[in-house]
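Engineer: Reminder that position 10 of the sequence shown reads as 10 in full-length UniProt numbering, one-by-one numbering, no gaps. I have a structure here, written as structure tokens, and I will follow up with some questions on it.
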Amino acid sequence: MGLKARQDYRVINLWEVEAELVLEQPLPPLFPFVPILFGGGSESKLRSAVQALRADQTLNQLEPLLAFFASFVLEIPLIQQIMRWDMTVLRESLRCAFRIKN
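In structure tokens form, the structure reads like this:
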């Protein structure tokens, strides 16, 4: 048939996107990535992202992903305290993520 499809795209480096912008706009699909965004590796930003995810019933299932990315920049006990999670949930999220990578 000779049909061709073309899709333009632009690569976005998440570490260059400002966390504050994502939270203020708001840009809900990016909420789980807040901890790894520019300026997002703080307790206050994690709290804001958790609050934003919990405010939207369709997004609250993204909390494990948020916890996963937070574990790269914050201590796990702090993440547990903020997200009120037990260690089992966070450990499972991390284990599944690393199993996928290997």
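Beta carbons: idealized from backbone N, C-alpha and C, even for Gly. Quantities reported herein were computed from a predicted structural model and do not represent experimental measurements.
1. CA-CA distance, P28 and L65?
2. What do you reckon, are the CB atoms on A49 and V34 nearer than 7 Å?
3. Give the secondary structure of F72 by DSSP, where H, G and I count as helix, E and B as strand, and everything else as coil.
4. Can you check DSSP and say which residues form a bridge with F38?
Structural biologist: Looking at the coordinates:
1. 13 Å
2. Closer than 7 Å, so yes.
3. Coil, per DSSP.
4. E18
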